[in-house]
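Enquirer: Sharing a structure here in structure tokens format.
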Amino acid sequence: MHMRGRLVHRISPEDVGRRVSVRIRLPEGGFTDIVGVVESWDDGVLTVRRRDGSVAEVGESTVAASRVVPPVPPRRRGGRPPQAP
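Written as structure tokens, this is what we have:
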């Protein structure tokens, strides 16, 4: 999202269904990041579902930077893999 000192916005409505990272400008100044799957992109508003199930509605005009990110890797069950003797 940050390349050579500038923010890059790389997602579009065609990325609905994909996992993304979105950096938005806060009204009071500064930025915050939202990571999740884009569920919809209508009338300038993105709906992003986070891993915990919560939904964030993001105004397209507040997006400072964005990119598609890889899916969350599956969780391993049973803790650590067995160690060789």
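Residue numbering for the sequence shown is 169 to 253, as defined by the working numbering.
Where a beta carbon is used, it is the ideal one built from N, C-alpha and C, also for glycine.
Can you tell me the Cα-Cα spacing of H177 and A232, whole angstroms?
Expert: Taking the sequence shown and counting its residues from 1, the one referred to as residue 177 is at position 9. Taking the sequence shown and counting its residues from 1, the one referred to as residue 232 is at position 64. Between H177 and A232, the C-alpha separation is close to 7 Å.
Enquirer: One question on the structure: do V236 and I179 come within less than 8 Å of each other, judged by their Cβ atoms?
Expert: The residue given as residue 236 occupies position 68 in the sequence shown. The residue given as residue 179 occupies position 11 in the sequence shown. Taking 8 Å as the Cβ cut-off, V236 and I179 qualify as a contacting pair.
Enquirer: Does the separation of the CB atoms of V213 and V188 fall below 8 Å?
Expert: For the purposes of this step, residue 213 is taken as the residue at position 45 of the sequence shown. For the purposes of this step, residue 188 is taken as the residue at position 20 of the sequence shown. No; because the gap between Cβ atoms is not below 8 Å, this pair is not in contact.
Enquirer: Given that a residue counts as buried once 16 or more other Cβ atoms are within 10 Å of its Cβ, and exposed if not, what is S234?
Expert: Translated into positions along the sequence shown, residue 234 becomes position 66. Classification for S234: buried.
Enquirer: Looking only at DSSP bridge pairs, what is I202 linked to?
Expert: By 1-based counting over the sequence shown, the position of residue 202 is 34. I202 pairs with V190.
Enquirer: Taking Cβ to Cβ, would you say V156 is nearer than 8 Å to V226?
Expert: Residue 156 lies beyond the stretch modelled for the chain, which goes from 169 to 253, so this question has no answer here.
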